[in-house]
Amino acid sequence: VALPLHRVGAENDISYGMYVYAFPVQQLLAITIGRDLPLWLYVLTSIAATVPLAWASWLLVERPAMKLRARVKPPRTTVRTLEAAGQG
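Count along the sequence shown from 1, then add 1328; that gives the number in the numbering used here.
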């Protein structure tokens, strides 16, 4: 079965930002107001607080880095250069 989700994240991928920021946001919420919230509200609040951080990370860090990566080619590493460096 193929799901029609091939376009999800095709242009704006905030998944890495969600991965990076979810834990600190959840910990901050747990320390501050987590004890007073039901679990379902805690989960929704942590998602709502993480998405803007992940979006900002995508816009300000990840997307510009991906554009730079497309312009800069890494140097080719050959056996000869590794041997010359004493790693081969």
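Built from N, CA and C at the ideal position, the CB exists for glycine as well.
- prompt: Measuring CB to CB, does residue 1344 end up less than 9 Å from residue 1385?
  reply: Contact flag set, yes.
- prompt: Cα-Cα, which of 1379, 1372, 1404 is closest to residue 1342?
  reply: Selected option, being the one with the closest Cα: 1379.
message: With three or more C-beta pairs closer than 8 Å as the rule, is the segment 1382 to 1397 touching the segment 1345 to 1352?
response: Yes, the segment 1345 to 1352 is in contact with the segment 1382 to 1397.
Residue 1417: first and last residue of the uninterrupted alpha helix (DSSP H) it sits in: The shown model of the chain, from 1329 to 1416, leaves out residue 1417, and the question about it has no answer.
field: Contact belief for residue 1370 with residue 1357 at Cβ below 8 Å, rounded distance in angstroms
entry: In this structure, residue 1370 and residue 1357 form a Cβ contact; the two beta carbons are roughly 7 Å apart against a cut-off of 8 Å.
- request: May I ask you to report which of helix, strand or coil DSSP gives residue 1366?
  value: In the structure shown, residue 1366 sits in coil (DSSP, three-state: anything other than H, G, I, E or B).
message: Suppose you measure from the CA of residue 1302 to the CA of residue 1363; what does that come to, to the nearest Å?
response: Nothing about residue 1302 can be read from this structure; the chain reaches only from 1329 to 1416.
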